[in-house]
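**Student:** Residue numbers (my numbering): 128 to 517.
Glycine included, C-beta positions come from ideal geometry on N, C-alpha and C.
Everything numeric in this text was worked out from a predicted model, so none of it was measured.
Below, the structure is given as structure tokens:
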């Protein structure tokens, strides 16, 4: 699969050492031995318009190291963080600022929100907790390595995943480490990590070796482990099977998760049993709506499968190699962003284009968020925008 994708290297450590991160999907410079170019945008009959409700600049945005800092929503407030340490809370209806805090760290993992906390991870292995109401720093603690995904919290515990494959649970009030779970990660991985997901009394986490685990939230013991991708091939690149997208659980209690050079799988969150899987390759997470699962694969093809089974529904291949964000379903639509900063709206029924607008000239890497009829987009250059459909 990977041979057909335009490639560029981003090395963050010495090759063949744990924690080495490589990004073949995020940069359009370089072609990895291929002459293929990103598809030109096609014309279509616009059926809906995306209206900009408000737009705010957040620091340096994603920065230059292929971070995917995704905003988080809690109640009427949306929280966002930039790579240069600016953290901001905004009223999600008006865009008016609630508070802003500037940290003395390069933020690489965030934002996690829950139980009155805003939690973030940094390049130099520091996890920070802020008061969600005021932005005041409550505590900071050092973990085992760089944090590239948003920590998770329910207000009682904070769960952090570091790039060395270690998952740690911390007291939400003090930051003190309560437990640690260790998973072996490959020598070479994509730059990024999936964020842990807290569900009642257990935590779900995905790793660069293609495995999903369920961990007891109180003591970090393993409940179950399931592999959705098995490394194959002779080279380290061929054997990459990262799971970097956000974990998503359907109303039926199925974890829907794609992996890079692996499968899109539906896993029972209680037992860990794989209900079905289909061969797919994606470094992004999935979303659902209209009884479908939506993914954007490594080539930039947006696809829909039936949620309860692996039946293929539709595919839109007209964004080929445009380096898409993960899909976000809202209202009657599926939204994806691309490397030029366009937001594309597709019909959930058949995948046709119904709307398009440009948000950030530096591109859109992080998955979007939605509430009701409003879509929230955080561009690479730091533009946080609320869009509504009309």
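Write down the C-beta distance between residue 298 and residue 284 rounded to the nearest angstrom, noting that I regard them as a contact closer than 8 Å.
**Tutor:** Counting from one through the chain shown, the residue named residue 298 turns up at place 171. Counting from one through the chain shown, the residue named residue 284 turns up at place 157. So it is a contact: roughly 7 Å between Cβ atoms.
**Student:** With three or more beta-carbon pairs closer than 8 Å as the criterion, would you say the stretch 457-476 touches the stretch 503-514?
**Tutor:** The stretch 457-476, when compared against the stretch 503-514, does touch it at the 8 Å Cβ threshold.
**Student:** Quick one, which of 406, 326, 239, 363 has its alpha-carbon nearest residue 314's?
**Tutor:** For this step, residue 314 is matched to residue 187 along the chain shown. Cα-wise, what sits closest to residue 314 is 363.
**Student:** Smallest Cα separation from residue 230: which of 389, 492, 472, 266?
**Tutor:** Translated into positions along the chain shown, residue 230 becomes position 103. For residue 230, the nearest C-alpha among the options comes from 266.
**Student:** Could you spell out where the beta strand (DSSP E) holding residue 469 opens and where it closes?
**Tutor:** The residue given as residue 469 occupies position 342 in the chain shown. Here the beta strand (DSSP E) through residue 469 covers 469-474.
**Student:** I need the boundaries of the beta strand (DSSP E) containing residue 524, first residue and last residue.
**Tutor:** Not covered by the structure: residue 524. The range shown for the chain is 128 to 517.
**Student:** For residue 407, which residues of its own chain have a beta-carbon under 7 Å away from its beta-carbon, when the five flanking residues on both sides are left out?
**Tutor:** On the chain shown, residue 407 is found 280 positions in, with the first residue counted as 1. The answer, listed in chain order, is 385, 390, 391, 422, 424.
**Student:** Buried or exposed: which applies to residue 148, given that a residue is buried once 16 or more other Cβ atoms fall within 10 Å of its Cβ?
**Tutor:** Translated into positions along the chain shown, residue 148 becomes position 21. For residue 148, the predicted model reports a pLDDT of 45, less than 50, meaning its position is unreliable; a value from the coordinates is still stated below. Buried, since its Cβ has 16 or more Cβ neighbours within 10 Å.
**Student:** Using the rule of at least 16 other Cβ atoms within 10 Å of the residue's Cβ for burial, across every protein chain shown, is residue 316 buried or exposed?
**Tutor:** Here residue 316 is taken as the residue at index 189 of the chain shown, counted from 1. Buried, since its Cβ has 16 or more Cβ neighbours within 10 Å.
**Student:** So, at 8 Å on beta carbons, what are the nonlocal neighbours of residue 337 in its own chain, with the 5 sequence-adjacent residues on each side left out?
**Tutor:** Numbered from 1 along the chain shown, position 210 holds the residue referred to as residue 337. Answer for residue 337: 354, 355, 356, 357, 358, 368, 369, 370, 386, 389, listed in chain order.
**Student:** Which first and last residues belong to the beta strand (DSSP E) in which residue 428 is found?
**Tutor:** For the purposes of this step, residue 428 is identified with residue 301 of the chain shown, where counting begins at 1. Where residue 428 is concerned, there is no enclosing beta strand (DSSP E), given that its DSSP letter is neither H nor E.
**Student:** Would you call the stretch 427-447 in contact with the stretch 487-507, where contact means no fewer than 3 C-beta pairs closer than 8 Å?
**Tutor:** No: the two stretches stay apart, fewer than three of their Cβ pairs being nearer than 8 Å.
**Student:** Based on Cα-Cα distance, which residue from 497, 512, 498, 480 lies nearest to residue 487?
**Tutor:** Stepping through the chain shown from its first residue, residue 487 is reached at position 360. Among 497, 512, 498, 480, the Cα nearest to that of residue 487 is on 512.
**Student:** Please classify residue 164: is it buried, with 16 or more other beta-carbons within 10 angstroms of its beta-carbon, or exposed?
**Tutor:** Along the chain shown, one-based indexing puts residue 164 at 37. Exposed, because fewer than 16 other Cβ atoms sit within 10 Å of the Cβ of residue 164.
**Student:** Using the three-state DSSP reduction, which class does residue 295 fall into: helix, strand or coil?
**Tutor:** Taking the first residue of the chain shown as 1, we reach residue 295 at position 168. In the structure shown, residue 295 sits in a strand (DSSP, three-state: E or B).
**Student:** Starting from residue 333, trace the beta strand (DSSP E) in both directions and tell me its first and last residue.
**Tutor:** By 1-based counting over the chain shown, the position of residue 333 is 206. From DSSP, the beta strand (DSSP E) with residue 333 extends over 329-333.
**Student:** Can you tell me which of the three DSSP states residue 195 falls into?
**Tutor:** Here residue 195 corresponds to residue number 68 of the chain shown, with the count starting at 1. Residue state, collapsed to three classes: coil.
**Student:** Output the boundary residues of the beta strand (DSSP E) element that contains residue 367.
**Tutor:** The residue given as residue 367 occupies position 240 in the chain shown. Where residue 367 is concerned, there is no enclosing beta strand (DSSP E), given that its DSSP letter is neither H nor E.
**Student:** Per DSSP, which residues does residue 304 bridge with? Please list them.
**Tutor:** By one-based count along the chain shown, residue 304 stands at place 177. Its beta-bridge partners are 297.
**Student:** Of all the options 309, 215, 271, 288, which has the alpha carbon lying nearest to the alpha carbon of residue 264?
**Tutor:** Indexing the chain shown from 1 puts residue 264 at position 137. Here the closest residue by C-alpha is 215.
**Student:** Which residue's Cα is closest to the Cα of residue 501: 321, 435, 219?
**Tutor:** Here the question's residue 501 lines up with position 374 in the chain shown. Ranking 321, 435, 219 by Cα distance to residue 501 puts 219 first.
**Student:** Kindly identify the DSSP beta-bridge partner or partners of residue 109.
**Tutor:** It is not possible to answer for residue 109, since the shown part of the chain is limited to 128 through 517.
**Student:** With a CB to CB cut of under 6 Å and the five nearest residues on each side skipped, what residues in its chain are close to residue 431?
**Tutor:** Taking the chain shown and counting its residues from 1, the one referred to as residue 431 is at position 304. Within the same chain, residue 431 has close Cβ partners 419, 421, 440, 441.
**Student:** Under 8 Å, with one C-beta from each stretch per pair, do the stretch 320-329 and the stretch 288-305 reach the 3-pair mark?
**Tutor:** Contact holds: three or more Cβ-Cβ distances are below 8 Å.
**Student:** Is the distance from the Cβ of residue 332 to the Cβ of residue 294 below 8 Å?
**Tutor:** On the chain shown, residue 332 is found 205 positions in, with the first residue counted as 1. On the chain shown, residue 294 is found 167 positions in, with the first residue counted as 1. The answer is yes: Cβ separation under 8 Å.
**Student:** Run the CB neighbour count on residue 373, radius 10 Å, all protein chains shown included, and call it buried at 16 or more, exposed below.
**Tutor:** Sequence index remark: in the chain shown, residue 373 carries index 246 (1-based). Per the 10 Å Cβ criterion, buried.
**Student:** Using three-state DSSP, classify residue 264 as helix, strand or coil.
**Tutor:** Within the chain shown, the letter at position 137 stands for residue 264. Reduced to three states, the DSSP call for residue 264 is strand.
**Student:** Excluding the 5 residues preceding and the 5 following residue 398 in the sequence, name in chain order all residues of the same chain whose CB lies nearer than 8 Å to its CB.
**Tutor:** Taking the first residue of the chain shown as position 1, residue 398 is located at position 271. Closer than 8 Å at the Cβ level, and outside the excluded window around residue 398, lie 351.
**Student:** Assign residue 449 to buried or exposed, taking buried as 16 or more other Cβ atoms, counted over all protein chains shown, within 10 Å of its Cβ.
**Tutor:** As a working note, residue 449 is residue 322 in the chain shown. Buried, since its Cβ has 16 or more Cβ neighbours within 10 Å.
**Student:** Which value, in whole angstroms, describes the spacing of the CA atoms of residue 203 and residue 259?
**Tutor:** The residue labelled residue 203 in the question sits at position 76 within the chain shown. The residue labelled residue 259 in the question sits at position 132 within the chain shown. If you take the alpha carbons of residue 203 and residue 259, they lie about 12 Å apart.
**Student:** Out of 175, 394, 221, 170, state which residue places its alpha-carbon closest to the alpha-carbon of residue 503.
**Tutor:** Residue mapping note: residue 503 aligns to position 376 of the chain shown, counting from 1. If we check each option's Cα against that of residue 503, 221 comes out closest.
**Student:** Short of 8 Å in beta carbon distance, which residues of its chain neighbour residue 252, apart from the five on each side in sequence? Order them along the chain.
**Tutor:** On the chain shown, residue 252 is found 125 positions in, with the first residue counted as 1. These residues qualify, in order along the chain: 269, 270, 271, 272, 273, 274, 289.
**Student:** Consult DSSP for residue 440 and reduce its assignment to one of helix, strand or coil.
**Tutor:** Position 313 of the chain shown, counted from the start, is the residue given in the question as residue 440. Three-state result, residue 440: strand.
**Student:** If you follow the beta strand (DSSP E) that residue 455 is in, where does it begin and where does it stop?
**Tutor:** As a position in the chain shown, residue 455 is number 328, starting the count at 1. Counting along the chain, the beta strand (DSSP E) containing residue 455 begins and ends at 455-457.
**Student:** Just to confirm, is the Cβ distance from residue 262 to residue 247 under 8 Å?
**Tutor:** Taking the first residue of the chain shown as position 1, residue 262 is located at position 135. Taking the first residue of the chain shown as position 1, residue 247 is located at position 120. It is not a contact, given that the beta carbons lie outside the stated cut-off.
**Student:** By the DSSP assignment, the beta strand (DSSP E) with residue 247 in it spans what residues?
**Tutor:** What you label residue 247 is simply residue 120 of the chain shown in a count that begins at 1. It spans 244-249 - the beta strand (DSSP E) in which residue 247 sits, taken as one unbroken run.
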